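Right, one structure below, let's go through it.
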Amino acid sequence: TQLLEQSPQFLSIQEGENLTVYCNSSSVFSSLQWYRQEPGEGPVLLVTVVTGGEVKKLKRLTFQFGDARKDSSLHITAAQPGDTGLYLCAGYLSGGSYIPTFGRGTSLIVHP
Amino acid sequence: GAVVSQHPSRVICKSGTSVKIECRSLDFQATTMFWYRQFPKQSLMLMATSNEGSKATYEQGVEKDKFLINHASLTLSTLTVTSAHPEDSSFYICSANRGNTYEQYFGPGTRLTVT
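The listed protein sequences correspond, in order, to chains H and V.
At position 16 of the first sequence the residue is numbered 16 (my numbering), and the sequence of numbers has no breaks.
At position 58 of the second sequence the residue is numbered 1058 (my numbering), and the sequence of numbers has no breaks.
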């Protein structure tokens, strides 16, 4: 059983559509990060959320941390082909070490 | 800031040989570095946690004698794949924490192909 359940695993949409990716857990996290990874490259940090209920925006991307700090979502508005990539969420368990737990990832393809 | 480099970016080796991959934090000191393995379109699988000056902590199922990790300084960790076999072919990624923070900075990855 994955500690961090990420869904959907695959997403194929047309340019201009909106989408939401979810990361859910029964555990409480001190902090949660979202990364984006392109083929053949390392993941790039998009955002870190630490406060329950926190909402952060990065251009067309909106990140939300659940009130109980057990879940998070990434919403992309008007997706563009440049958004194509693997999106990963990673959480640090509350009271735990600095070793993150990764979700399975969401492979997003945005067609022109 | 927070740049992590990896070398080489790609390597092809013959079965039975050993390959060393370097991970460097270029503009910060990394107390802890992590080594991951990744299969196509899948998430990262943590192999080991590397702390400067001490032995690495390996995840369950990862052979420590096959994947040798050395963290000689606060800016350098190396992963050596010993006696490589085709099933070791994969994308290996390192990351580093800047101080005791909740953020990891990843290297660009190394594509290992064992023939």
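We put the CB at the ideal spot given by N, CA and C, even for glycine.
Keep in mind the model is a prediction, meaning the values are calculated, not measured.
* Opposing strand residues paired with Tyr-1058(V) [DSSP bridges] -> Within the second sequence, residue 1058(V) is the residue found at index 58, counting from 1. Bridge partners of Tyr-1058(V): Ala-1048(V).
* If I'm right that Val-1019(V) touches Cys-1094(V) with Cβ under 8 Å, what's the distance once you round it to whole angstroms? => The sequence position of residue 1019(V) within the second sequence is 19, counting from 1. The sequence position of residue 1094(V) within the second sequence is 94, counting from 1. That belief does not hold up - the Cβ atoms of Val-1019(V) and Cys-1094(V) are roughly 14 Å apart, past 8 Å.
* By a C-beta neighbour count over all protein chains shown, 10 Å radius and 16 as the cutoff for buried, is Gly-42(H) buried or exposed? -> As a working mapping, residue 42(H) is identified with position 42 in the first sequence. Around the C-beta of Gly-42(H), 16 or more other C-beta atoms lie within 10 Å, and the residue is accordingly described as buried.
* Can you name the residues of chain V whose CB is closer than 7 Å to the CB of Gly-105(H)? -> For the purposes of this step, residue 105(H) is taken as the residue at position 105 of the first sequence. Neighbours of Gly-105(H) on chain V, chain order: Gln-1042 and Ser-1043.
* Short CB-CB distance (under 8 Å) between Tyr-98(H) and chain V -> The residue labelled residue 98(H) in the question sits at position 98 within the first sequence. Yes, because at least one Cβ of chain V sits closer than 8 Å to the Cβ of Tyr-98(H).
* Cβ of His-75(H) versus every heavy atom of the ligand SAM: is any distance shorter than 7 Å? -> With respect to the ligand SAM, the structure offers nothing, as it holds no ligand at all.
* Asked: So with Cβ pairs under 8 Å, would you call Phe-115(H) a contact of chain V?
  -> With chain H covering 1 to 112 only, the question about residue 115(H) has no answer from this structure.
* To do: Tell me Phe-102(H)'s beta-bridge partners as DSSP assigns them.
  => Here the question's residue 102(H) lines up with position 102 in the first sequence. Phe-102(H) pairs with Ala-90(H).
* Contact between the segment 9–22 of chain H and the segment 1077–1089 of chain V: three or more CB pairs below 8 Å? -> They do not touch, by the three-pair rule.
* Just curious, the beta strand (DSSP E) that Tyr-1102(V) is in, first and last residue? -> Translated into positions along the second sequence, residue 1102(V) becomes position 102. Tyr-1102(V) -> no beta strand (DSSP E), and no H or E assigned at all.
* To do: Assign Glu-17(H) to one of three DSSP states: helix, strand, or coil.
  => Taking the first sequence and counting its residues from 1, the one referred to as residue 17(H) is at position 17. It is coil, neither helix nor strand.
* As assigned by DSSP and simplified to three states, the class of Asp-71(H) -> Reading the first sequence from its first residue, position 71 is the one you call residue 71(H). Strand, per DSSP.
* Asked: Taking the C-alpha atoms as reference points, what is the distance between Val-1139(V) and Leu-1079(V)?
  -> Since the first and last residues shown for chain V are 1001 and 1115, residue 1139(V) lies out of range.
* In chain order, what residues of the same chain lie with their CB nearer than 7 Å to the CB of Leu-1112(V), ignoring the 5 residues before and after it? -> The count along the second sequence starts at 1 and reaches residue 1112(V) at position 112. Only Val-1011, Val-1019, Val-1081, Asp-1088, Ser-1089, Ser-1090 and Tyr-1092 meet the Cβ criterion.
* **Identity of the residue in Gln-1029(V), Tyr-1105(V), Glu-1059(V) and Gly-1109(V) nearest Tyr-35(H) by Cα** => Looking up residue 35(H) in the first sequence gives position 35. Among Gln-1029(V), Tyr-1105(V), Glu-1059(V) and Gly-1109(V), the Cα nearest to that of Tyr-35(H) is on Tyr-1105(V).
* Asked: What residues in the segment 40–57 of chain H bring their beta carbon closer than 8 Å to a beta carbon of chain V?
  -> Within the segment 40–57 of chain H, Gly-40, Glu-41, Gly-42, Pro-43, Val-44, Leu-45, Thr-48 and Val-50 place their CB atoms closer than 8 Å to a CB of chain V, listed in sequence order.
* With 8 Å set as the bound, which would you pick, yes or no: does the beta-carbon of Thr-1075(V) sit closer than that to a beta-carbon of chain H? -> For the purposes of this step, residue 1075(V) is identified with residue 75 of the second sequence, where counting begins at 1. Chain H contact via Cβ: absent.
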